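I have placed the structure first, in the form of structure tokens, so that the comments after it can refer back to it.
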Ligand SMILES: Cc1cc2nc3c(=O)[nH]c(=O)nc-3n(C[C@H](O)[C@H](O)[C@H](O)COP(=O)(O)OP(=O)(O)OC[C@H]3O[C@@H](n4cnc5c(N)ncnc54)[C@H](O)[C@@H]3O)c2cc1C
Ligand code: FES
Ligand code: FES
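Protein chains in written order, with my numbering: chain Y, 1 to 279; chain Z, 1001 to 1169.
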């Protein structure tokens, strides 16, 4: 059967075991475009939109789980309180039509270095949930993303969702591109001032083979912050921007030069940090 | 066409339409236009960028070029054809015509649906909300001024006031 339309994870894994080279289809905004452009010719598709366990979100023991089929529109409209940084990232994706269709699971599956959910998910130390006939496992996002458009997902595995800690404190995500809508990031930056653990968390997109963070920059600014007042000396803010930029490994392509990407992410880092501080 | 094929039925504008032995990789846009003879959704980019193929899938506005037709089998599909015809225009269609928001018309079906989607959810959108709602629909002709004017007109008519130009078409 060329297309399978399972309604639960078990049936999905059965279909995947029967044809491990099948294309998993969520919102189609990456996959169907690839097919239209003749870059992929599917022989077998496993359509995921009816799989109930991949929908929605839940919170248990202070941890949050977002299902793979959660769309950008759902994040933007329904989850803005729960995951404000991710909602900011979701608002920057494509257009309303793309946000209505595109999913978190698809962004993880494509694993583009410019995937806009990835910097914030990295900042949050998110773990990717994978299911297969051998059992379930979860992989830290940093290990899941192994290179541009490549992941640690095994052929028989389905991404079922992401898990992350619930963190208090201000957060911000912003990206740079040629216009405000419908652009792939030239640089993307996510920051979370984790006031519970008194630790600055960051993630940077489109400035390396996968999303990156700068442990040095995070450590230095964590120390420089006045966590009670949520203020930071100017020179530490500047140093933070520089350290973030230095930690990148950008490339030059048709969207941007490496130099611009590095510069831009430093500017975004300073700006995002300032947005989170009290003035 | 070689490759895996599939036969299925689609629910388009309330009609059950059979699709026989279609290639698995066909987008909903392709099937609507080339197999079902419904040219309302336009094909301008096939990569999700222009919005001219916008349709409703279970009441959600999406680009038909990004939907795999064989995965739309149990969904309610609504195209611009289901919103009105020459004798019965929807208020948004009438306002587009009345304000001159249609030039070559290629972007128009997608924009009509995007505006219906917006105004059905947010009856009184701000200017910024209107711009955001149509940010995925590219128009090469009008410069958007008349389109924004058409939206204002529908807004005003629906809220019972008279349109900004004092008349509705
Ligand atoms: C016009 C346009 C604008 C865009 N703008 C942006 C943007 O601003 N930012 C951005 O980040 N992206 C953007 N994208 C890319 C795309 O929308 C996102 O990557 C989106 O998250 C993909 O999700 P999807 O559900 O549509 O995935 P699909 O296309 O259905 O799938 C994408 C890939 O993931 C795999 N996959 C999907 N679900 C699973 C699963 N549960 N388990 C395992 N593998 C899975 C698929 O097999 C496929 O390889 C844009 C795309 C278009 C066409
Ligand atoms: S043809 Fe579908 S978005 Fe352009
Ligand atoms: S009227 Fe020609 S593209 Fe909009």
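Virtual Cβ for every residue (Gly too), placed ideally from N, Cα, C.
Note that this is a predicted model, so its numbers are computed, not measured.
Per-residue DSSP class, three states only, for residue i
i	result
residue 1059 of chain Z	coil
residue 204 of chain Y	strand
residue 8 of chain Y	coil
residue 1110 of chain Z	helix
residue 73 of chain Y	helix
residue 1116 of chain Z	helix
residue 260 of chain Y	helix
residue 135 of chain Y	strand
residue 238 of chain Y	helix
residue 1030 of chain Z	helix
residue 171 of chain Y	strand
residue 1064 of chain Z	helix
residue 60 of chain Y	strand
residue 1165 of chain Z	Because residue 1165 of chain Z carries a pLDDT of 44, less than 50, the predicted location of this residue cannot be relied on, and no value is offered for it.
residue 116 of chain Y	coil
residue 83 of chain Y	coil
residue 279 of chain Y	coil
residue 1024 of chain Z	coil
Reference residue i, options the options, closest by Cα
i	options	result
residue 1159 of chain Z	Z:1123, Z:1151, Z:1137	Z:1123
residue 227 of chain Y	Y:266, Y:192, Y:88	Y:192
residue 1101 of chain Z	Z:1152, Z:1039, Z:1133	Z:1152
residue 249 of chain Y	Y:243, Y:129, Y:258	Y:258
residue 1103 of chain Z	Z:1137, Z:1142, Z:1030, Z:1054	Z:1142
residue 1136 of chain Z	Z:1014, Z:1045, Z:1025	Z:1045
residue 1079 of chain Z	Z:1037, Z:1004, Z:1041	Z:1041
residue 87 of chain Y	Y:94, Y:78, Y:95	Y:78
residue 150 of chain Y	Y:210, Y:75, Y:63, Y:217	Y:210
residue 253 of chain Y	Y:185, Y:196, Y:247	Y:185
residue 1172 of chain Z	Y:215, Y:46, Y:10, Y:6	The shown model of chain Z, from 1001 to 1169, leaves out residue 1172 of chain Z, and the question about it has no answer.
residue 272 of chain Y	Y:65, Y:203, Y:224, Y:251	Y:203
residue 67 of chain Y	Y:48, Y:85, Y:255	Y:48
Neighbour flag for residue i against chain Z, beta carbons, 8 Å
i	result
residue 223 of chain Y	no
residue 37 of chain Y	yes
Neighbouring residues, chain Y, relative to residue i (Cβ below 8 Å)
i	result
residue 1135 of chain Z	95, 96, 180, 181, 182
Contact set between residue i and chain Y, taken where Cβ atoms lie within less than 9 Å
i	result
residue 1172 of chain Z	Residue 1172 of chain Z lies beyond the residue range present for chain Z, which begins at 1001 and ends at 1169; the question has no answer from this structure.
Any C-beta of chain Y under 8 Å from that of residue i
i	result
residue 1014 of chain Z	no
residue 1005 of chain Z	yes
residue 1034 of chain Z	no
residue 1046 of chain Z	yes
Where residue i meets chain Z, residues with beta-carbon distance less than 8 Å
i	result
residue 49 of chain Y	1071
Amino acids of chain Y, ordered along the chain, whose beta-carbon sits closer than 7 Å to that of residue i
i	result
residue 1027 of chain Z	32, 36
residue 1128 of chain Z	Correct list: empty, because the minimum Cβ distance to chain Y is about 11 Å.
residue 1024 of chain Z	2, 3, 42, 45
Tell me which residues of the region 21–33 of chain Y have at least one Cβ-Cβ distance to chain Z shorter than 9 Å, keeping chain order. Answer in chain order: 25, 27, 28, 29, 30, 31, 32, 33.
Listed from N- to C-terminal order along the chain, which residues in the region 1049–1069 of chain Z have their beta-carbon within a distance smaller than 7 Å of any beta-carbon of chain Y? Here the close residues are 1049, 1051, 1054, 1060, 1061, 1062, 1063, 1065, 1066, 1067, 1068.
Please identify, using Cβ separations under 8 Å, the residues of the region 84–115 of chain Y that lie next to chain Z, in order along the chain. Going along the region 84–115 of chain Y in chain order, one finds 94, 95, 96, 97, 98, 100, 101 with a Cβ nearer than 8 Å to chain Z.
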